[in-house]
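Data block below; observations after.
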Amino acid sequence: MGEPIIQIHDLTKTFGSGEGAVTALEHIDLSVERGETFGIIGLSGAGKSTLVRCINLLERPTDGSVIVDGSDMTALTEKELRTARRSIGMIFQGFNLLMQRTALDNVCFPLELEGTPKKEAREKALKLLGTVGLADRAGAYPAQLSGGQKQRVAIARALSTDPKVLLCDEATSALDPTTTLSILELLKRLNAELGVTVVVITHEMKVVERICNRVAIIADSHIVESGPVGEVFCHPRTAAAKQLISPRSGPRAEFGGKERIYRITFDGTTSDRPVVADMVLACGEPVNIWFADTKDIDGKAYGHMLVQLPNDPISAGRMLGYLDEHHISYEEANDR
Amino acid sequence: MNAPLFSAQILGQLFGAEGLLATLYMTLVSTLIAYVIGLPLGLLLVVTNADGIRPAHTFNSILGGIINIFRSVPFLIMVVVLVPVTRFLAGRIIGPTAMIVSLVVASAPYIARMVESSAKEVDRGVIEASLSMGASPWQVVFKVIVPEAVPSLITGATIVTTTILSYSAMAGILGAGGLGAIAINYGYYRGRRDIMWFALILTILVVQLIQELGNVLARRTDRRIR
């Protein structure tokens, strides 16, 4: 650690020209160290996808320099750039697999571009599919795979040319929470086992928390804060960082009058679960607790609780649905 | 001349070198040659498009303009306009071989547009991914765009082939030969409606066959479903 593999200096990217010009990135300075997992987090539209595309020059920076593994990407000829790109793997939110090729042939694809002999390419691809846990799906077409499996194929494909850097552009944003975790674990493992430097672009805190060593926060085309994940997340200095880290800025649920009050009854069967807290987490909206009286009898919870649900009928309906689904009895108690 | 429909003479004309065979010959050879010209043109349109892998605005506009001009000329007028070219290339201006010249010139620009639309369906993200792996523009076209667009290209080719077939029938009025010529010569000029209907039904059957073949091929090559 300590030696930088990616160095971005004073990078600016402007789309269009004249009055219609849009500045996507301005005066970006960034350094990623060899072997680390680096997170770039920002809200959508902040410019983070453009930034990651500037690293392998899928977008050419308007100004500034991008140095990857010692070579200045902006100064390379087209042919040199193509060679340089082979040492930078990339995975995407939409997986971007070739739909007319099997999983195995997708992984072979970058090797085929290089002119690797077919037999050698297949052997390597099979091994990589094994590494990502998909050895048994080698002959499947992408349409026959789940989202998580497709991303695993994409990861194997990105690794087939033994890249030094793996760029992940919102790689888990299209996946459900469980699959997201398994993909993040895989990235973590590949980082540790292969020593590949991982750059993760995301809008999700949990992704950065889970796998990154260091993080940069990008907002309004600028990097507003960067440093070790623990430091940045525990002591955010800027408003943009605070907003990302404690996303309390969304519209708060409103409660009014004495409407939508429900009595939830605990009959001892749910004592091992934090029912109300689970419901709040699952529905993403708070409840207003008016009154609670529960007793612990022989390790089981008995009693009742009066909660007021948010004014928004959709949120309230979702909460009642949650209670129904988990067989928790409740009744309306608006007369209280 | 006054032979019944189901006589060796008439059936021989309908199915033989003057009828069905001429139609198939004109249609298939024209389609093949027209694709040799139209396929690269269509791919060039996509590659040089503003959001293509090698944007070239002026070239794209000029090529697009020329294609539009050719597509604006009604087919029968195209045949007349091309008479000197046809005479030069085929040595004569009537008969199936001569008509192939006009069919190719009329359908190649149409094919270019069909190919362009199929190639544009290929997911931009897949092209971006292959560029990120270091693919050259040539590799993007022939290892990504064309293979990914195969089912759509086949569907397009089916439409093109049936269109060329109907053009070739239309060309019957200008001495192309084939089923169209038989239908016009017997049905319109000699009042033999029975022969006209038979030629028409044969044409319909050929179209159905091509369409069904195209559907099956497109389905078989499409790995996105199932």
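Chains as they are written, first to last, in our numbering: chain A, -9 to 326; chain B, 11 to 236. By construction, the Cβ of each residue, glycine as well, lies at the ideal position given by its N, Cα and C atoms.
List the DSSP bridge partners of residue i.
i              : result
G293 (chain A) : A:F256, A:T284
A209 (chain A) : A:H212
F82 (chain A)  : A:D159
E327 (chain A) : Here chain A comprises residues numbered -9 to 326, so residue 327 (chain A) is not present and cannot be evaluated.
L1 (chain A)   : A:I18
E23 (chain A)  : A:P(-6)
F28 (chain A)  : A:V189, A:R204
I57 (chain A)  : A:Q(-3), A:D62
V12 (chain A)  : A:F5
Please report how far the alpha carbon of residue i lies from the alpha carbon of residue j, in whole angstroms.
i               : j               : result
S239 (chain A)  : G220 (chain A)  : Note that S239 (chain A) has pLDDT 43, beneath the 50 cutoff, so the model's placement of it is unreliable and the number below is only indicative. In a straight line, the C-alpha of S239 (chain A) is about 22 Å away from that of G220 (chain A).
T162 (chain A)  : I45 (chain A)   : 20 Å
R43 (chain A)   : L177 (chain A)  : 19 Å
I43 (chain B)   : S178 (chain B)  : 15 Å
P241 (chain A)  : H(-1) (chain A) : Confidence at P241 (chain A) is low in this model, with a pLDDT of 46, below 50, so its placement is unreliable and no value can be given for it.
K154 (chain A)  : A129 (chain B)  : 33 Å
E102 (chain A)  : I78 (chain A)   : 16 Å
S34 (chain A)   : H193 (chain A)  : 7 Å
R142 (chain A)  : V154 (chain B)  : 20 Å
T64 (chain A)   : S142 (chain B)  : 15 Å
L111 (chain A)  : C98 (chain A)   : Position check: residue 111 (chain A) holds Ala in this sequence, whereas Leu was assumed. Distance between the alpha carbons of A111 (chain A) and C98 (chain A): 6 Å.
Q(-3) (chain A) : N301 (chain A)  : 50 Å
H67 (chain B)   : A230 (chain A)  : 40 Å
L210 (chain B)  : S176 (chain B)  : 11 Å
R102 (chain B)  : L92 (chain B)   : 12 Å
L113 (chain B)  : E158 (chain B)  : 28 Å
L54 (chain B)   : I63 (chain B)   : 10 Å
Q298 (chain A)  : P264 (chain A)  : 17 Å
G5 (chain B)    : N59 (chain B)   : Nothing can be reported for residue 5 (chain B): it is not among the residues displayed for chain B, which extend from 11 to 236.
I304 (chain A)  : E249 (chain A)  : 15 Å
L34 (chain B)   : L184 (chain B)  : 17 Å
S394 (chain A)  : E70 (chain A)   : The structure shown does not extend to residue 394 (chain A), since chain A is modelled only from -9 through 326, so no value can be given for it.
H294 (chain A)  : G274 (chain A)  : 22 Å
D62 (chain A)   : A74 (chain A)   : 10 Å
L118 (chain A)  : L87 (chain A)   : 16 Å
Y252 (chain A)  : D288 (chain A)  : 26 Å
Please state whether DSSP places residue i in a helix, a strand or coil.
i               : result
P119 (chain B)  : helix
K383 (chain A)  : A question about residue 383 (chain A) goes unanswered here, because the residues of chain A that appear run from -9 up to 326.
D232 (chain B)  : coil
R204 (chain A)  : strand
E221 (chain A)  : helix
A13 (chain B)   : coil
P(-6) (chain A) : strand
D95 (chain A)   : helix
D133 (chain B)  : coil
N278 (chain A)  : strand
Q233 (chain A)  : helix
Q139 (chain A)  : helix
Q298 (chain A)  : strand
S146 (chain B)  : coil
G187 (chain B)  : coil
E28 (chain B)   : coil
Q218 (chain B)  : helix
F129 (chain A)  : The sequence given here has Gly at residue 129 (chain A), not Phe. In the structure shown, G129 (chain A) sits in coil (DSSP, three-state: anything other than H, G, I, E or B).
V122 (chain A)  : coil
K196 (chain A)  : helix
S34 (chain A)   : coil
TODO: Report the residue ranges of all beta strand (DSSP E) runs contained in full by the stretch 40 to 127 of chain B; include only those spanning at least 3 residues, in chain order.
DONE: none
Open item on the list: Between the stretch 74 to 92 of chain B and the stretch 149 to 169 of chain B, can you find at least three pairs of beta-carbon atoms closer than 8 Å?
Closed with: no
Task: Contact between the stretch 193 to 205 of chain A and the stretch 22 to 36 of chain A (3+ Cβ pairs under 8 Å) - done: yes
TODO: Please determine if the stretch 215 to 231 of chain A and the stretch 178 to 186 of chain A are in contact, where contact requires at least 3 C-beta pairs separated by less than 8 Å.
DONE: no
Task: Cβ contact (3+ pairs, closer than 8 Å) linking the stretch 199 to 215 of chain B and the stretch 23 to 33 of chain B - done: yes
Task: At least 3 beta-carbon pairs within less than 8 Å: the stretch 118 to 136 of chain A vs the stretch 48 to 58 of chain A - done: no
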